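Asks: In my numbering, the protein residues as written are 237 to 980.
C-beta: ideal position from N, C-alpha, C; glycine also.
Note that the coordinates shown come from a computational prediction; the quantities given were computed from them, not determined experimentally.
Supplied in structure tokens, the structure appears directly below.
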């Protein structure tokens, strides 16, 4: 089944919102950030740019998401603001070619980091020999340390100077002050000839260890983005199209909607489209999480990036570039990973004062040891304090967990629109489930036709003619059942949401719908009530057909049955096992709704609820103190999805419902609802763990360094390991997989 995703705001696109000026969204890639204080500096710089309403900067991804006022916000101003703050910036367009270039740049940067840290470790290693009684001339120590300090460590000086120029501090400033103090003190001792032992190994090894930590962080962050890179690499670069009776190979960027694309077995589908000729199956696993190949026949939709596994297909292009399903999925994942959790904003406020606090602590450490008559020890302890203090771990704890969690969810076919949806999903204690299309297949079939005063075929013909103007699943079922029957002419049509339709068919006014509609039209359903009640108790939905309003004559009823989705019962079992309350909500009548709820063991039923009433029911649950998720798939569900704490849209649903949802499921599998809540909770746990260890590290490490229990070298190693441990802990989320089948 082809996936449907909400239309994610593209870069630079104005997305209208009724009743207010639509904001403009612009994404940037920021380079040169090293810690949480850098994040705050870039955010302040962006916030000061003309037209900016709000800016979020993510340390782990290096991305910034900026919202601003159209006509006032200019992308060039954002790039200039970031560069003036001392960092690099590039506008993100969402184009496949830019994504490929950025991926290649990330890989080159990682290799450069590896070369730099290797050189630093090789040059620093000889300085350790003195610790084992092997004499190394002071001049040799000085030369080795100088290369590490000023050549390989030049990046720290540049970043520190940039921070000072902006009247702020960052991790690089702490490294520069600490290592420079150890280096310059050693040079003084060497020139004065006062000692045989120097501290060149402290300065050089700290630089080497910080570089090692940066490399390990970069490598770990590179691993956290694996899911996003896998999606980006699904974009084919070439396509075979038919033009002027011949098949030609062109860049995918040259393919336009309406073009006919030829896809051979084993090739990746280059564009979104509809199958014109051929039969095959498509591997959509990396897009939707569906492991089994999906059959494709003429008329079926195909997703760009999926793999054609067997037959030759000719496809009519429907979407390319940033309008494709794959591009929308990538945009949603990127946006979720760029967003900032509420707890991270608190961390950023702490990080903003972190460097000044550390500098004061280092000064007090030196003064304390100096007053105790041990100034040399005071200098070494102060250096250790500056080196070991690490706002990096604080800055990485939340975004890395979000990156890995949203990436793992995307691999399973769960798209989390933003960080706010992820945060709220953790606290959900009530799930409200729409019936049709969520718990059922959404493809009802006519099961019974009972006529009053005319033939069943005639009744079906009148009803199908009236329903031709409707897109409701029940309407489609009636029209499908009347295939091959000649239908009267539909002259006028009006849909009445939640009740049915009224229409003029062949000169006859008709009403097709619920009991409530019949009552409105003044039509008695008594002659067929017994038959209708029996069908409803079996879980069938009854549609009444009447001639109205003048004749007010009941013509009969049509019943339709909609099969439960295969995993609907397993979903309810898993939610109940997690102590989550379930509620069935439907516009269907109470008897049918209770019959379905009984099959699934859903304890609470809200039946006969009109579309606007669904949102009101959600609000009532919220007002009672519940944390509510709403799962649905139709246009009628959009208000309720928007009203809930978290809206969950099934992948087969209408686009409006998907746009209203905080979480989108790329395939209509009910179990993904439970999986979405589970991965949200797992991600939240990793965030809390990362922040706990980051804070605990600084609370324990800084006093230990001030007391002289840690040398600068050990402090540098501990600092590198602290950031690495936070990222590696987040990476454990990659082991998360959606559970199959029933709860055990």
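(1) Contact defined as beta carbons within less than 8 Å: I believe residue 293 pairs with residue 266. What is the distance between those atoms, to the nearest angstrom?
(2) Apart from the five residues just before and just after residue 473, which ones in its own chain have a Cβ nearer than 7 Å to its Cβ?
(3) Short of 7 Å in beta carbon distance, which residues of its chain neighbour residue 458, apart from the five on each side in sequence? Order them along the chain.
(4) Grouping DSSP H, G and I as helix and E and B as strand, with all else coil, what is residue 374?
(5) Are the region 801 to 820 and the region 830 to 837 in contact at 8 Å, needing three or more beta carbon pairs?
(6) State yes or no: is the beta carbon of residue 598 nearer than 8 Å to at least one beta carbon in chain D?
(7) Unbroken beta strand (DSSP E) runs of length 3 or more, entirely within the region 718 to 746: which are they?
(8) Consult DSSP for residue 934 and reduce its assignment to one of helix, strand or coil.
(9) Can you give, in chain order, each stretch of the beta strand (DSSP E) that sits fully within the region 845 to 925 and has at least 3 residues?
(10) Just to confirm, are residue 594 and residue 622 a CB contact at a threshold of 8 Å?
(11) So, at 6 Å on beta carbons, what are the nonlocal neighbours of residue 913 in its own chain, with the 5 sequence-adjacent residues on each side left out?
(12) Quick check on residue 636: buried or exposed, where buried means 16 or more other Cβ atoms within 10 Å of its Cβ?
(13) Taking 7 Å as the limit between beta carbons, can you name the residues of its chain near residue 278, skipping five residues before and five after?
(14) Closest to residue 958 by CA distance: which of 271, 566 and 399 is it?
(15) In the DSSP output, which residue or residues are listed as bridge partners for residue 487?
(16) Roughly how many whole angstroms lie between the Cα atoms of residue 943 and residue 613?
(17) Exposed or buried, which one is residue 180 when buried takes at least 16 other CB atoms within 10 Å?
(18) Bridge partners of residue 684, per DSSP?
(19) Pull up the distance between the alpha-carbon of residue 658 and that of residue 639, whole angstroms please.
(20) Look at the alpha carbon of residue 572 and the alpha carbon of residue 605, and state the distance between them as a whole number of angstroms.
(21) Just grab the DSSP bridge partners of residue 300 for me.
(22) Locate the beta strand (DSSP E) running through residue 780, then write down its first and last residues.
(23) Starting from the N-terminal side, write out each stretch of the alpha helix (DSSP H) that is 4 residues or longer and does not extend beyond the region 592 to 669.
(24) Comparing C-alpha positions only, which one of 908, 778 and 759 sits nearest to residue 766?
(25) Do you know how far the Cα of residue 672 is from the Cα of residue 678?
(26) Contact between the region 283 to 291 and the region 300 to 310 is defined here as three or more beta-carbon pairs at a separation below 8 Å; is this criterion met?
(27) Quick one: is residue 493 buried, meaning 16 or more other Cβ sit within 10 Å of its Cβ, or exposed?
(28) Give the C-beta separation of residue 203 and residue 553 to the nearest angstrom, bearing in mind that I take them to be a contact with Cβ-Cβ under 8 Å.
(29) Closer than 6 Å by C-beta to residue 651: which residues in its own chain qualify, once you throw out the five before and the five after it? Chain order, please.
(30) Just how far apart, CA to CA, sit residue 962 and residue 632?
(31) Does the distance from the CB of residue 745 to the CB of residue 847 come in under 8 Å?
(32) From what residue to what residue does the alpha helix (DSSP H) around residue 559 run?
(33) If the criterion is Cβ atoms closer than 8 Å, does the pair residue 500 and residue 548 meet it?
(34) Alpha carbons only, please: which of 450, 849, 915 and 695 is nearest the one belonging to residue 974?
(35) Identify the residues that DSSP records as bridge partners of residue 324: which are they?
(36) Going by DSSP in three states, residue 385 sits in which element: helix, strand or coil?
Replies: The structure says:
(1) That pair is a contact at about 6 Å.
(2) 487 and 488
(3) 342 and 346
(4) Collapsing the DSSP output to three states places residue 374 in a helix.
(5) yes
(6) The chain inventory of the structure shown lacks chain D, comprising one protein chain alone.
(7) 726 to 732 and 736 to 741
(8) In the structure shown, the three-state DSSP call for residue 934 is helix.
(9) 864 to 868, 882 to 885 and 899 to 901
(10) When the beta-carbon positions are compared, residue 594 and residue 622 come within less than 8 Å of each other.
(11) 661 and 664
(12) buried
(13) 266, 269, 293, 300, 318, 321 and 323
(14) 271
(15) Residue 487 is bridged to 474.
(16) When rounded, the separation of the alpha-carbon atoms in residue 943 and residue 613 is 10 Å.
(17) A query on residue 180 cannot be resolved here, the shown segment of the chain reaching from 237 to 980 and no further.
(18) Note: residue 684 sits in a beta bridge opposite 795.
(19) Distance between the alpha carbons of residue 658 and residue 639 is about 11 Å.
(20) Their backbone Cα atoms lie some 48 Å apart in a straight line.
(21) DSSP, once it has assigned bridges, lists 264 and 293 as partnering residue 300.
(22) 777 to 783
(23) Within the region 592 to 669, the runs of alpha helix (DSSP H) at least 4 residues long that lie entirely inside it are, in chain order, 611 to 624, 627 to 647 and 655 to 661.
(24) 778
(25) A straight line joining the alpha-carbon of residue 678 with that of residue 672 spans about 5 Å.
(26) yes
(27) exposed
(28) Residue 203 lies beyond the stretch modelled for the chain, which goes from 237 to 980, so this question has no answer here.
(29) 568 and 900
(30) 7 Å
(31) no
(32) It is not in any alpha helix (DSSP H) - residue 559 carries neither H nor E in the DSSP assignment.
(33) yes
(34) 915
(35) Its beta-bridge partners are 267.
(36) helix
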